[in-house]
Every structure is written in C-alpha cells, then in structure tokens.
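Protein chains: 2
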Amino acid sequence: MAYQFYYWPHIQGRGEVVRLALEESGADYDDIARQSVEEGGGKEAVLGYLQDQSLVRPPFAPPFLIDGEAIIAQAANILQYLGPKIGLAPASEADRLFAHQIQLTVTDFLMEVHDTHHPIASTLYYEDQKEAAVKRSANFIEYRMPKHMAYYERIITNNQTGSGWLIGDTLTYPDLSMYQIVEGLRYAFPIAFGKIGNAYPNLLNLRDLIAARPNINDYLTSSRRIPFSTMGVFRHYPELDE
Amino acid sequence: MAYQFYYWPHIQGRGEVVRLALEESGADYDDIARQSVEEGGGKEAVLGYLQDQSLVRPPFAPPFLIDGEAIIAQAANILQYLGPKIGLAPASEADRLFAHQIQLTVTDFLMEVHDTHHPIASTLYYEDQKEAAVKRSANFIEYRMPKHMAYYERIITNNQTGSGWLIGDTLTYPDLSMYQIVEGLRYAFPIAFGKIGNAYPNLLNLRDLIAARPNINDYLTSSRRIPFSTMGVFRHYPELDE
Chain A
1 MAYQFYYWPH
11 IQGRGEVVRL
21 ALEESGADYD
31 DIARQSVEEG
41 GGKEAVLGYL
51 QDQSLVRPPF
61 APPFLIDGEA
71 IIAQAANILQ
81 YLGPKIGLAP
91 ASEADRLFAH
101 QIQLTVTDFL
111 MEVHDTHHPI
121 ASTLYYEDQK
131 EAAVKRSANF
141 IEYRMPKHMA
151 YYERIITNNQ
161 TGSGWLIGDT
171 LTYPDLSMYQ
181 IVEGLRYAFP
191 IAFGKIGNAY
201 PNLLNLRDLI
211 AARPNINDYL
221 TSSRRIPFST
231 MGVFRHYPEL
241 DE
Chain B
1001 MAYQFYYWPH
1011 IQGRGEVVRL
1021 ALEESGADYD
1031 DIARQSVEEG
1041 GGKEAVLGYL
1051 QDQSLVRPPF
1061 APPFLIDGEA
1071 IIAQAANILQ
1081 YLGPKIGLAP
1091 ASEADRLFAH
1101 QIQLTVTDFL
1111 MEVHDTHHPI
1121 ASTLYYEDQK
1131 EAAVKRSANF
1141 IEYRMPKHMA
1151 YYERIITNNQ
1161 TGSGWLIGDT
1171 LTYPDLSMYQ
1181 IVEGLRYAFP
1191 IAFGKIGNAY
1201 PNLLNLRDLI
1211 AARPNINDYL
1221 TSSRRIPFST
1231 MGVFRHYPEL
1241 DE
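Chains as they are written, first to last, in the working numbering: chain A, 1 to 242; chain B, 1001 to 1242.
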C-alpha cells in the first residue's frame, strides 16, 4: 500500500526532506494534503489528525507519515523509519546512528533558519518582528550558517571512501537534506551565501550530485516540487541578507 | 566498560535528559567533563572532540556519548541508542518509534525554551536581547507552553494501560524528560506555570512518580545534579515571567 504523507500543502517547510527521500527512492506515496479537499486532502486532512483527541500516538505537528496502522511524526524520525525500507539508509548500525545524528542536526538548523525571520513568534507577522529578524539574521550569517556548512563539509571530506557522499560509498537520506540546505540558503540569502559558498566545495558538489539524480530531477521539474516562497522555512527578505 | 558521557560541566542544559536516564537505570557511566582537567575532564574534554578535525563521525555539539568505539551525539539519538541497553525503551517497534518521536518533540521544546531568553543569538548576552526576550517569552507563555503541556497530558491520558506513564505500563526514557520539563518550567516561569499547571494533572502526577524513584531521588539530592541557574536552558528572569 502506498505511504500516506501529510504536510502543509503550500510550502516545502519541514516536510521537504521527507518528500525528497520519497521521490529519490521512487516509493509509492500520496502527498495527501496536496489532493483536493473533496478527495480527503487539503490542510483539513492534516488538521484532522492534529485535532483528533483520541489518538494513542498523536503527532504534535506535521510532517507525519501513515504506513498501514502506524502514524510516525517528526521528519528525522520518519526518515529513520523509511530509510531501510526505501534503500536510503546505510548498512551498519554505527552508520545508521550517524545518519540520524546528521539529520537531527539538520532539524536544528532548519529551526534556526526559520527563526531568522520569526525570532519572536510564529504566530506574529514577519513585519511585526522585522527589527529582531534583522539582528538574528546578521548573527546567523556571521556564525551559525558557516558553522553548519563547515560541519557538513568536514563530514564529506573525512568520508574515507572519498565518494562525495556524507556516509560510505552510496547516497543515504541525509545527503538529500544537504541539497535542500544549499538550495534554501541560495534562495534566502543569495548575497551572504554567495560570499562563503565556495569555501565548501564538497558540499556544493554533493548538491550537484543530488540534482543530477534522475528521480530528483524529475521531481524538481514537476509540479510536485513546491517553489520556495516567503511562506516556508527559507524565506528571501533582502533586508535580512547582506 | 562504563559509558563516557560528555556535556558542559556547569549546566544541566540539553544533556540533562541523558543524565536522568543514566541515573534512573543505574548504568555505569562517567560524566567526563565534571572530572578535573588533570583527570582528563573539564570543558576541555568536550572541546577536544568538537575541535578534532579528523573524526569520521564528529559531533556537532554536546551532549555526546562514547561507548567503546562509538561516538553518538544528539540527546534524542543517545537516548534511542541507550534505551534498550539500559532497560528504558518500550518493547515494540511502534512504541519505540513513538518514544523517540516524543523525545524529538521535547528537543524542539527545549530549543524554544532556550530561545525565550536568547531570541537573537546565543553569542550575545541576555541583557543585549532583553527587549526581544520579553516579547518572545510572552508569546511562549500564551501559546507554546500550554500547547506542549496539553500534548504530553493527552498522551498520558490516552495511554490505554492507565499506568500514569507516557507509553505502556512501565517507565520509559521520555517519561524522565517530562520530569525535567515540569521542574524547568517551575523554576523559570513560576508565576506563569503556576497559573496553568493544574490543568495538566497527569503530567504533574508523572513528575511526582519520577521524583519518587529511588535512583532519581538519590541523584537529585546528590552533587551530581547541577542546580538550575541563569546559565542553562531554563533560566529564571522575573521580567520574562508573568
């Protein structure tokens, strides 16, 4: 049976790292909320599960994945669950723990990126927290972005197989998140990322390796890939980019 | 061989949920950075691993755990790894995924709590971001704290065994994090948490169940438990609590 994937239908958001894994693997899945409300889709489908007070294992927030009777939430948890089933997990337990560790670091980073434009509250408009956003973004650009980039670059560099991937000699699910991070930063912070990007040649190369995957290329050029916008995790506001 | 636990030696921080699990289980472990620098401890021990450019599986930040040749970072990842080994994981795969999902939600919440006092940047003093902290804390108290409390309360309520724990009929590692969250909120936001706490009777009861565990009681009354302070994740600043 097809995997049922639930995330907000108008943004990439925290769900995109899961969408990329489903697409790369060619897994049979339905992006439920992108179907029409009449078909049981729309954001109503997501809200239905979030508001269901009877669930024994409720999700706190999307994304979540339904596989038969299992409901699994948290993007990194979904990827850890799916990885071995869809051929995107490393083979050894040590490498699986490390893949998940990288994914959790990506999770933290995506929250940091989100908070560059929403440092006070998700419930407030950007315009009502712009002053704090300018300050947070400047610090993010100076310290946090390069710290994360250097970390991922180092992992690729230290991979003893020299494959260009993060772990071992084949693509695993956290590699796909590297694509998302590079693309997202290029969209949100074109000036700031442009200044430092070349310091991370292995990371940029990994981004290119992912983009050239046939299934990923199909996905990125399809309507299934939602464009970046000022609704998602990565947002381009020129005043935050310097 | 004893587990080697690495975290900053002067705060509970993001490492405390791991310390609680090690203590509850009675596992043999060394809290390395709390040993003297002469013994190979101190924050220097943590920094040594963070700055080692040669590691194939480097940690991005503490906490991390060394078990033989394995280095495992990210608190939730460590707990997932340790859980089955120290008797604090649920038995079924579905429950293990859910335990980890709860722990990842706790991870997100702890980052949100941290950012109530540091909404602009960890590298800046609190005093230099107090204005934004007041705004973020007000929003946190109004929306985020009750949303998380209600979620954990619901999980305990919906546990079909009626055990008072989050999952099944025995204590598992995310239960220990519920203790930490309740204690932390009571310390950081005594007024705000005092106003809403009674709406979550199962959560408060779970906190009491944990506090009454012999190993936890021993830990909490020992010098191994670092007190809350205005250095950690949970900080009490009266101007942020209303």
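Ideal placement from N, C-alpha and C gives every residue a C-beta, glycine not left out.
- Under the 9 Å criterion on CB atoms, I141 (chain A) is classed as non-interfacial with respect to chain B.
- Interface residue (Cβ-Cβ distance to chain A less than 9 Å): Q1101 (chain B) is classified as such.
- With 16 or more other CB atoms across the displayed protein chains lying within 10 angstroms of its CB, R1014 (chain B) is buried.
- Taking 9 Å as the cut-off, the beta carbon of A1138 (chain B) is found no closer than this to the beta carbon of H1117 (chain B).
- Proximity of I120 (chain A) to chain B, defined by a Cβ-Cβ separation below 9 Å, is satisfied.
- Taking a Cβ-Cβ threshold of 8 Å, none of the residues of chain A is close to N1202 (chain B); the smallest such distance is about 14 Å.
- Residues of chain B with a Cβ closer than 8 Å to the Cβ of P58 (chain A) are, in chain order, Y1151, R1154, I1155, N1158.
- Restricting attention to A:A192, A:F98, A:Y143, A:M1, the CA atom closest to the CA of L1055 (chain B) is found in A:F98.
- Nearest in C-alpha terms to P238 (chain A), of all of A:D218, A:G232, A:A192, is A:A192.
- The C-beta distance from V233 (chain A) to H148 (chain A) rounds to 14 Å, too long to meet the 8 Å contact threshold.
- In the three-state reduction of the DSSP assignment, L1240 (chain B) falls in the helix class.
- Straight-line measurement puts the Cα of P1119 (chain B) at about 32 Å from the Cα of I1066 (chain B).
- The bridge partners DSSP lists for I66 (chain A) are A:Q4, A:I71.
- Around A73 (chain A), the beta-carbon contacts reaching into chain B at under 7 Å are Q1101.
- DSSP places Y1125 (chain B) outside both helix and strand once states are collapsed to three, so it counts as coil.
- Under the three-state reduction of DSSP, D1030 (chain B) is assigned to strand.
- Think of a sphere of 7 Å around the beta carbon of A1076 (chain B): the chain A residues whose beta carbon falls inside it are L104, in chain order.
- Nearest Cα to E131 (chain A) within the set A:Y6, A:P174, A:V17, A:L240: A:L240.
- Counting C-beta pairs with one atom in each stretch, the stretch 75-94 of chain A and the stretch 192-210 of chain A have fewer than three that are closer than 8 Å, which means they do not touch.
- Around the Cβ of T1157 (chain B), a 10 Å sphere holds fewer than 16 other Cβ atoms; the residue is exposed.
- Around the beta carbon of S1177 (chain B), 16 or more other beta carbons sit within 10 angstroms, so the residue counts as buried.
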